[in-house]
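Per my numbering, residue 423 is the first one in the sequence shown, and the count goes up by one each step.
From the three backbone atoms N, C-alpha and C, an ideal C-beta is built for every residue, glycine too.
Input: a single structure, listed below in structure tokens.
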Amino acid sequence: MPASVNQSTRLIYLAPLQGFTDFIYRKAYNEIFEGIDAFFIPYISVKNEGVLKKYEKEILPENNQQTRVIPQVLANNAIELLFLSKFLANKGYKEINLNLGCPYPMVTNRAMGAGLLPHPDKLHQILSSFFENSNLSLSVKLRAGLISPFEIEKIIPILNQFPLSEVIFHPRIARQLYEGEIIDSAFEFAKTNIKHRLVYNGDIFSPANFNERSQKFGGTNCWMLGRGVLMNPFLPAEIKGKNFSKDEKLLKLETFHKRVFELYTEKMDNDGNVLNKMKQFWIYFSYNFEKQAKSFKLIKKTNSLAQYQSAIKIVFWANF
Ligand SMILES: Cc1cc2nc3c(=O)[nH]c(=O)nc-3n(C[C@H](O)[C@H](O)[C@H](O)COP(=O)(O)O)c2cc1C
423 MPASVNQSTR
433 LIYLAPLQGF
443 TDFIYRKAYN
453 EIFEGIDAFF
463 IPYISVKNEG
473 VLKKYEKEIL
483 PENNQQTRVI
493 PQVLANNAIE
503 LLFLSKFLAN
513 KGYKEINLNL
523 GCPYPMVTNR
533 AMGAGLLPHP
543 DKLHQILSSF
553 FENSNLSLSV
563 KLRAGLISPF
573 EIEKIIPILN
583 QFPLSEVIFH
593 PRIARQLYEG
603 EIIDSAFEFA
613 KTNIKHRLVY
623 NGDIFSPANF
633 NERSQKFGGT
643 NCWMLGRGVL
653 MNPFLPAEIK
663 GKNFSKDEKL
673 LKLETFHKRV
683 FELYTEKMDN
693 DGNVLNKMKQ
703 FWIYFSYNFE
713 KQAKSFKLIK
723 KTNSLAQYQS
733 AIKIVFWANF
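And the structure:
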């Protein structure tokens with residue numbers, strides 16, 4: 423580890439993952455696991471001049487009692503960004519994050535998410551208007567580009583003109599979605615040229631991955647983890663130097679699963695929705711188990727909560 427990187431001041435953020443890191447996941451996670459310094463709420467956006475009802479529970483302050491929670495917004499112009507920032511300021515938030523990384527054509531074709539990256543002038547106008555009219559702290563989460571990883575070279579000088587709280591960087595282009603090579607040279611470029619605090623994000627699935635990245639990008643001390651946490655919720659604590667026995671892990675995984683199930687049952691209006699949410703949860707949670715594929719398959723084919731509960735018993739029993 424480079425001398426400049428201090429393990430005790432290392433910060434780890436939970437990435438926003440639409441459909442996965444919802445308020446129930448974040449709440450249960452925070453009750454049972456440790457090591458996350460900030461939780462990001464998956465993006466909200468403007469529709470028909472308002473905020474969709476489905477986002478309300480996500481941002482209600484009582485559903486977000488962790489120490490640092492940052493809502494993320496998706497906007498393609500200054501008016502939308504200001505509208506969302508006022509909406510969030512009214513809920514008591516002091517800090518928001520602008521999504522400049524969403525790779526899906528439905529979003530990028532409307533010049534939102536990574537779709538803003540080929541338009542530095544437009545981004546400049548959005549950020550100018552934000553900082554003239556809002557007192558909130560703003561960070562951005564971005565990729566290297568929509569089509570080319572060199573787009574970042576024209577975006578960074580824009581970001582440097584504004585008092586952003588931090589810049590979270592996932593060094594891929596939109597076309598890659600979440601697969602394929604991480605573009606190390608793009609992160610290196612950002613590290614040299616961005617004057618804000620730079621947060622690395624992408625493909626950290628184990629402490630070994632983390633050590634490799636941290637050696638490569640010496641000096642970076644702030645990390646955002648997404649799928650790696652969903653697949654191994656102990657990862658942030660492990661990166662911070664903690665070890666867990668097999669028994670401890672089993673107990674925490676069981677407690678976590680029980681809590682997530684309980685909260686979905688409490689908040690959802692019917693069993694079918696609870697079952698769907700739990701199946702979705704297991705897409706990544708199944709990676710905590712040696713027999714991942716078999717475990718997931720067993721859960722996926724359940725058709726009722728009674729069947730689901732029987733499958734869970736088998737999965738926990740067969741894997742530990
Ligand atoms: C299913 C899914 C949903 C995502 N939703 C969001 C989102 O709402 N906002 C965002 O900025 N990134 C979103 N991302 C990207 C993640 O935040 C993160 O940048 C990406 O997964 C890479 O980090 P990882 O390799 O640690 O998972 C999503 C990714 C996935 C796979």
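Whole-angstrom C-beta distance between Pro-593 and Phe-609, which should lie under 8 angstroms: That belief holds up - the Cβ atoms of Phe-609 and Pro-593 are roughly 4 angstroms apart, short of 8 angstroms.
message: Any heavy atom of ligand 1 closer than 7 angstroms to the beta-carbon of Cys-524?
response: Cys-524 Cβ: within cutoff of ligand 1.
- prompt: Leaving out the 5 sequence neighbours to the left and right, which residues in its chain are closer than 8 angstroms to Phe-683 when beta-carbon positions are compared?
  reply: The residues Val-696 and Met-700, in chain order, have a CB closer than 8 angstroms to that of Phe-683 in the same chain once the five nearest residues on each side in sequence are set aside.
task: Starting from Asn-374, follow the alpha helix (DSSP H) in both directions and report where the run begins and ends.
output: No statement about residue 374 is possible, as the shown extent of the chain runs from 423 to 742 and does not include it.
message: Going by DSSP in three states, Lys-723 sits in which element: helix, strand or coil?
response: The answer is coil: DSSP assigns Lys-723 none of H, G, I, E or B.
- request: Say yes only if the C-beta of Asp-444 is nearer than 7 angstroms to one or more non-hydrogen atoms of ligand 1, and no if none qualify.
  value: Within 7 angstroms of the C-beta of Asp-444 there is not a single heavy atom belonging to ligand 1.
- request: Determine, using beta carbons only, whether Ile-548 and Leu-586 come nearer to each other than 8 angstroms.
  value: Going by C-beta atoms, Ile-548 is not nearer than 8 angstroms to Leu-586.
- prompt: What residue range is occupied by the uninterrupted beta strand (DSSP E) comprising Tyr-686?
  reply: Unbroken run through Tyr-686 is the alpha helix (DSSP H), 668–689; no beta strand (DSSP E).
task: Check whether the Cβ of Gly-441 lies closer than 7 angstroms to any heavy atom of ligand 1, and answer yes or no.
output: Yes; taking the cut-off as 7 angstroms, the Cβ of Gly-441 has a heavy atom of ligand 1 nearer than that.
message: Between Leu-558, Thr-687 and Trp-645, which has its C-alpha nearest Ser-507's C-alpha?
response: Checked all of Leu-558, Thr-687 and Trp-645; the closest Cα to Ser-507 is Leu-558.
query: First and last residue of the beta strand (DSSP E) that includes Asn-631?
result: Asn-631 -> not in any beta strand (DSSP E); alpha helix (DSSP H) instead, spanning 629–638.
message: Run through the DSSP bridge pairs and tell me what Gly-472 is partnered with.
response: When beta bridges are read from the DSSP output, Gly-472 appears opposite Lys-469.
- request: For Gln-401, count neighbouring Cβ atoms within 10 angstroms of its own Cβ and tell me buried if that reaches 16, exposed if not.
  value: The question about residue 401 has no answer, for the chain in this structure spans 423 to 742.
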